[in-house]
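Engineer: Using the working numbering, the letters of the sequence shown map in sequence onto residues 80 to 369.
No residue lacks a Cβ here, since even glycine has one placed at the ideal position from N, Cα and C.
Could you have a look at this structure, given as structure tokens, before my questions?
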Amino acid sequence: MRLCLLLCTLALASGQGFTNPKKPAAVARKEDVKYIKCQACEALAKNALRQVKAAREGLKPGKKLDEMTIIEKVEKMTNPSKDEGEWIAKTDIEEEGSILKLVEHSEVGECNSDCKTIAKAVEAVIGDSDTDIAEELWKGTMNRSQFTNWLCHRQTDSCRSKPPPVPADRKPGPEFKVMDAQEAQMQKMMENMKEMGMGGQLWDRDSAMQEVAKGELGDDYDDDEITDMLSAGAPTASEGPGVLDKASDLAQDVLKSGKEKLSAAYTGAADLLSGWGSGDKPADTKTSEL
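Spelled out as structure tokens, the structure:
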């Protein structure tokens, strides 16, 4: 909830809302999918096993990983903006003679046309098999070699035949460019906002808070009840005057001073909003301290 409110504050402070004036989004080269589908399948198998293993190890004693959670993970593995699909954003396509080769990097890169193409290939691998894939991952009876063979040769036809040679006149793809860590984090935040139905829309303060609350509370409360909750939680003159204004000032400083102060401003604004939500009076915070 704090994160969503902070994003609202950042957008409102700019006077714009959730608009995205960046350059046009990269587009997948669909004609390249057939050249990398087998490698994409093998990479998917490796990362799926790793993630499910990590999820199991992170459970409290006595808890078990349910199949629905794994299905949701598998679905997100095609999205480079999600933690589950981040491995795609770390992968590049390189041309070696008549073949295309997937090369894994240690850092997240900008999601250019190569990134989009890999995501498209992973989507083609999964197809309608997400439930079957999740079931095998849930069972956990296969090692990496066995699971890769099952997924890429038996469950799908991803690796049943060799990919065709790459045409000699194929135009090379863009170079792999490492993405700034803060920019990558912002991308994930905006992806989450988009899932809540707030992406690419304009919001005034009241509407933004209303929509965030609806996204958090779901269908358990109607609009009037949510409005009452927000009104009841607003700071009084004695509890914390101007908390949202202070948070907006902090966010405005970010917009003026550049992304090098982004992390510090996030922390300051988040603390203010946390104090507002709990009814505590926030400590005085000066933007000059950022």
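#1: Identify whether GLU215 lies in helix, strand or coil by the three-state DSSP scheme.
#2: According to DSSP, simplified to helix, strand and coil, what is LEU230?
#3: In whole angstroms, what separates the C-alpha of GLU215 from that of LYS267?
#4: Could you name the residues that DSSP lists as bridge partners for LYS45?
#5: For the 8 angstroms Cβ check, are there 3 or more pairs between the stretch 227–247 and the stretch 107–116?
#6: Counting only runs of 4+ residues fully inside the stretch 106–169, write out the alpha helix (DSSP H) ranges in chain order.
#7: What is the rounded straight-line gap between the Cα of PRO159 and the Cα of LYS169?
#8: Is LEU179 buried or exposed, if buried means 16 or more other CB atoms sit within 10 Å of its CB?
#9: Quick check: what's the CA-CA separation for TRP217 versus PRO251?
#10: Express the C-alpha separation of ILE149 and LEU128 in angstroms, rounding to a whole number.
#11: Straight-line CA distance for VAL106 to GLU154?
#12: Helix, strand or coil for ASP171, going by three-state DSSP, please let me know.
#13: Based on the DSSP secondary-structure assignment, which residues constitute the bridge partners of LYS180?
#14: What do you get for VAL204, buried or exposed, if any count of 16 or more other CB atoms within 10 angstroms of its CB means buried?
#15: Considering only their Cβ atoms, is the gap separating PRO253 from SER192 smaller than 8 angstroms?
#16: What does the Cβ neighbour count give for THR210, buried or exposed, with the cut at 16 atoms within 10 Å?
#17: Going along the chain, which residues of its own chain have a beta-carbon closer than 7 angstroms to the beta-carbon of ALA263, five neighbours each way excluded?
#18: Quick check on GLY164: buried or exposed, where buried means 16 or more other Cβ atoms within 10 Å of its Cβ?
#19: State yes or no: is the C-beta of LEU181 within less than 8 angstroms of the C-beta of MET156?
#20: Compare the Cα-Cα distances from CYS231 to each of THR196, GLU270, VAL201 and report the closest residue.
#21: Label GLU189 either buried or exposed according to how many other C-beta atoms from any shown protein chain fall within 10 Å of its C-beta, with 16 as the threshold for buried.
#22: Throw me the rounded Cβ distance for the ASP171 and PHE255 pair, which I believe falls under 8 angstroms.
#23: Quick check: the Cα distance between ALA213 and LYS132, rounded to an integer number of angstroms?
#24: Considering only their Cβ atoms, is the gap separating CYS120 from THR235 smaller than 8 angstroms?
#25: Is it buried or exposed, SER237, if we count other Cβ atoms within 10 angstroms and call 16 or more buried?
#26: Check each candidate in GLN118, GLN130, GLU270, GLU110 and name the one with the smallest Cα separation from GLY219.
#27: State buried or exposed for GLN261, treating a residue as buried only when at least 16 other CB atoms are found within 10 Å of its CB.
#28: List the residues that DSSP assigns as beta-bridge partners of LEU188.
Structural biologist: In short, the structure shows the following:
#1: Numbered from its first residue, the sequence shown carries residue 215 at position 136. Note: GLU215 maps to helix in three-state DSSP.
#2: Counted from its first residue, the sequence shown places residue 230 at position 151. In this structure, LEU230 counts as helix in the three-state DSSP scheme.
#3: Against the sequence shown, residue 215 aligns to sequence position 136. Against the sequence shown, residue 267 aligns to sequence position 188. Cα to Cα, GLU215 sits roughly 28 angstroms from LYS267.
#4: No information on residue 45 is available, as it lies outside the stretch 80 to 369 that the chain covers here.
#5: yes
#6: 112–136, 146–155, 165–168
#7: Within the sequence shown, the letter at position 80 stands for residue 159. Within the sequence shown, the letter at position 90 stands for residue 169. Those two C-alpha atoms are separated by around 9 angstroms.
#8: Working through the sequence shown from its first residue, we reach residue 179 at position 100. Its Cβ being crowded by 16 or more others within 10 Å, LEU179 is buried.
#9: Against the sequence shown, residue 217 aligns to sequence position 138. Against the sequence shown, residue 251 aligns to sequence position 172. Between TRP217 and PRO251, the C-alpha separation is close to 39 angstroms.
#10: Residue 128 sits at position 49 when you count from the first residue of the sequence shown. Residue 149 sits at position 70 when you count from the first residue of the sequence shown. About 11 angstroms.
#11: The sequence position of residue 106 within the sequence shown is 27, counting from 1. The sequence position of residue 154 within the sequence shown is 75, counting from 1. Approximately 20 angstroms, taken between the alpha carbons.
#12: Here residue 171 refers to the residue found at position 92 of the sequence shown. Here ASP171 carries a strand assignment [DSSP, helix/strand/coil].
#13: As a working mapping, residue 180 is identified with position 101 in the sequence shown. DSSP output for LYS180 lists GLU173 as bridge partner(s).
#14: Translated into the one-based positions of the sequence shown, residue 204 becomes position 125. By the neighbour-count rule (16 or more Cβ atoms within 10 Å), VAL204 is buried.
#15: Start at 1 with the first residue of the sequence shown, and residue 192 comes out as number 113. Start at 1 with the first residue of the sequence shown, and residue 253 comes out as number 174. Yes, these two residues count as a Cβ contact at 8 angstroms.
#16: As a working note, residue 210 is residue 131 in the sequence shown. Classification for THR210: exposed.
#17: Locating residue 263 in the sequence shown gives position 184, counting from the first residue. For ALA263, where only same-chain residues beyond five positions count, the Cβ hits under 7 angstroms are VAL187.
#18: Mapped onto the sequence shown, residue 164 falls at position 85. The Cβ neighbour count for GLY164, taken over all protein chains shown within 10 Å, is at least 16; the residue is labelled buried.
#19: Along the sequence shown, one-based indexing puts residue 181 at 102. Along the sequence shown, one-based indexing puts residue 156 at 77. No, these two residues do not count as a Cβ contact at 8 angstroms.
#20: In the sequence shown, residue 231 corresponds to position 152, counting from 1. When each option's Cα is compared against that of CYS231, the closest is VAL201.
#21: Locating residue 189 in the sequence shown gives position 110, where the first residue counts as 1. Buried is the call here.
#22: Reading the sequence shown from its first residue, position 92 is the one you call residue 171. Reading the sequence shown from its first residue, position 176 is the one you call residue 255. Confirmed, Cβ separation roughly 4 angstroms.
#23: Position 134 of the sequence shown, counting from 1, holds the residue named residue 213. Position 53 of the sequence shown, counting from 1, holds the residue named residue 132. Each residue's Cα considered, the two are about 13 angstroms apart.
#24: Start at 1 with the first residue of the sequence shown, and residue 235 comes out as number 156. Start at 1 with the first residue of the sequence shown, and residue 120 comes out as number 41. Yes, the pair counts as a contact, with Cβ atoms nearer than the cut-off.
#25: Reading the sequence shown from its first residue, position 158 is the one you call residue 237. By the 10 Å Cβ count, SER237 comes out buried.
#26: On the sequence shown, residue 219 is found 140 positions in, with the first residue counted as 1. The candidate whose alpha carbon is nearest that of GLY219 is GLN130.
#27: What you label residue 261 is simply residue 182 of the sequence shown in a count that begins at 1. Its Cβ having fewer than 16 others within 10 Å, GLN261 is exposed.
#28: Mapped onto the sequence shown, residue 188 falls at position 109. It is Gly, not Leu, that sits at residue 188 in the sequence shown. For GLY188, which the question treats as bridged, DSSP gives the partners VAL257.
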